[in-house]
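Residue numbers for the sequence shown follow UniProt numbering, so the first one is 15 and each next one is one higher. Beta carbons are placed, not taken as given, at the ideal position from N, Cα and C, and that holds for glycine. Bear in mind that the values here come from a model prediction, so they are computed numbers and not experimental data. Read through the structure below, which is laid out as structure tokens, and then see the notes.
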Amino acid sequence: QLNKCNYATAPNAIATIKLNNKEYVTDDYTNVTPKILSYLNRNLHLKKDNPLSLVRQRIVNYFYSSFTHRENHPSRTKSDCYYINRKTLLRAHMTAHQSELLRSGLDNFLMIGDVYRRDEIDSTHFPVFHQIDAVRSQRKEQLFQDFPDLELFEPTFDPQNPHIFTNSIKDPNKQSCHTLEATKLMEAQLKNHLIGLVQTLFGDNIKHRWVEAYFPFTHPSWELEIFYENNWLEVLGCGIVRNEILANAGPNNTIAYAFGLGLERIAMALYKIPDIRLMWSKDSGFLSQFEDKALNERITYKPVSSYPQCVNDISFWLPPNLTIDTFTSNDFYDLVRDVGGDIIEQVKLKDKFVHPKSKKHSLCYSIIYRHLERTLKQAEVNEVHKEIEKAAVKAFNVIIR
Ligand code: FA5
Ligand code: MG
């Protein structure tokens with residue numbers, strides 16, 4: 015297994031895996047592959063030019079603005095999870111941190127991070143993805159502040175003296191320790207909260223449906239699906255947190271709901287990104303479509319050609335009458351487009367430099383070439399690049415470095 019995974023091991027040495035400066039000894043449970051490990055610390059959700067970062071910020075803003083105050087699924091089976099060794103696995107969902115945060119004294123929170131699952135790979139599944147998980151717990155006074163729909167409740171319900179807890183027989187609609195009215199109120203709040211989110215992101219006309227679900231840490235539980243590309247796409251799981259979890263980790267005397275949503279799925283639907291693998295693209299043709307965007311800007315992803323890019327830099331000294339501040343980049347961009355035509359995908363200012371002794375000013379641009387229909391040969395790119403250099407010398411009187 016180790017050999018298959020290709021870990022670098024010296025003869026007779028104990029095979030170890032080093033992650034975030036910590037060394038893990040591999041064992042018979044190790045099944046995580048170097049490929050999967052290569053995704054650790056990419057932090058796509060924190061990169062400002064990644065669609066996941068835009069979606070993350072919008073979702074966090076939504077929940078933060080709506081809060082006025084302040085066990086395990088998927089199972090831990092080896093077939094579902096990536097094990098570093100018998101004792102350590104890569105987290106398979108953000109809910110894994112729920113108890114520890116409850117225990118630390120938090121009662122309302124969001125948790126955001128990358129998660130790892132052995133799962134199918136298709137356009138909406140990837141073995142590494144990103145989740146936002148949340149818990150919202152409430153005391154009796156908060157929960158029963160207003161209850162619009164008395165019909166939901168049992169006839170014995172007394173609005174003057176409402177309760178979260180009771181001792182009832184098993185009931186598929188609720189946990190036996192909870193009253194029906196507390197459960198129904200929580201369900202209504204949870205669903206409103208999440209529908210509000212998808213309407214904030216997608217607009218009021220988004221088609222959605224609730225599906226009954228099972229999670230070991232919530233009951234009752236649901237999944238929310240939205241209609242996307244002629245199919246129902248599952249975007250999140252949620253439910254009323256099992257009271258054992260709250261009782262063990264605190265806060266006491268509260269009822270809580272929790273949910274976990276996949277950032278990729280939402281980004282795909284929102285920006286019409288057809289394949290989940292694109293999230294991992296380092297290609298500037300992809301990332302530049304999300305860079306420096308206002309959070310609420312409507313972005314529709316334009317497919318980039320899948321042929322590879324060629325990046326050539328151009329550096330030049332400016333003539334004495336120009337400085338790095340007076341040289342007009344747009345003039346240069348136009349020239350590049352004129353000479354290079356359609357194979358120019360992007361031009362980026364890479365570096366500005368003033369020589370400390372000669373005081374000469376210099377600029378460096380990266381020119382990204384890509385043909386939409388075929389793979390460019392480096393030799394032909396070099397030829398176009400030479401032409402651009404010549405044209406720049408002629409037009410701006412620069413000296414190529
Ligand atoms: C969970 O992970 C639960 N922890 C969610 C939860 C939290 C339920 C709190 C109740 C309370 P699930 O396995 O359904 O549930 O994943 C949640 C979301 O992650 C999915 O709806 C989907 O949007 C996303 N997701 C799941 N698997 C993948 C995958 N392989 N690739 C991309 N996104 C995925
Ligand atoms: Mg699910």
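The C-alpha of Y97 lies about 11 angstroms from the C-alpha of L51.
For T30, the three-state secondary structure derived from DSSP is strand. In the DSSP assignment, D345 falls outside any beta strand (DSSP E) and within the unbroken alpha helix (DSSP H) covering S343 to G354. Within the same chain, Cβ atoms closer than 8 angstroms to the Cβ of K307 are found at L68 and I313, the five residues on either side in sequence being excluded.
Judged by beta-carbon spacing, K154 lies within the 8 angstroms limit of P176, meaning their Cβ atoms are closer than that value. If you draw a straight line from the Cα of F140 to the Cα of E248, it comes to about 14 angstroms. In the displayed model, A263 falls within a helix according to three-state DSSP. The alpha-carbon of R131 is positioned some 5 angstroms away from that of A106. Under DSSP, H144 forms a beta bridge with D128. A distance below 7 angstroms between beta-carbons, with the five flanking residues on each side excluded, links R351 to the following residues of its chain, in chain order: I358.
For E359, the enclosing beta strand (DSSP E) begins and ends at I358 to V368.
For a cut-off of 8 angstroms, the C-beta gap from I240 to S137 is around 16 angstroms, too long to register as a contact.
Per DSSP, the continuous beta strand (DSSP E) segment holding K36 begins and ends at K36 to V39.
T232 and E258 have their C-alpha atoms roughly 10 angstroms apart. For G119 and M282, the gap between their C-alpha atoms comes out near 35 angstroms. Closest in C-alpha terms to N64, from the list L309, E305 and A405, comes E305. In this structure, R279 has its beta carbon less than 7 angstroms from a heavy atom of the ligand FA5. Within the same chain, F300 come within 7 angstroms of L292 by CB-CB distance, once the 5 residues on both sides are set aside.
Contact annotation: the segment 340 to 354 does not touch the segment 318 to 327, with fewer than three C-beta pairs closer than 8 angstroms. Note on T337: under 16 other CB atoms within 10 angstroms of its CB, so exposed under the neighbour-count rule.
Rounded to the nearest angstrom, the gap between the Cα atoms of V353 and Q71 is 40 angstroms. For A270, the enclosing beta strand (DSSP E) covers residues I269 to G276. Counting of Cβ neighbours within 10 angstroms places T389 among the exposed residues, the total staying below 16.
According to the DSSP assignment, F216 belongs to the alpha helix (DSSP H) that extends over L194 to F216. For N57, there is no enclosing beta strand (DSSP E), as DSSP gives it neither H nor E. Of all alpha-carbon atoms in T193, A148 and V149, the one lying nearest the alpha-carbon of P169 is that of T193.
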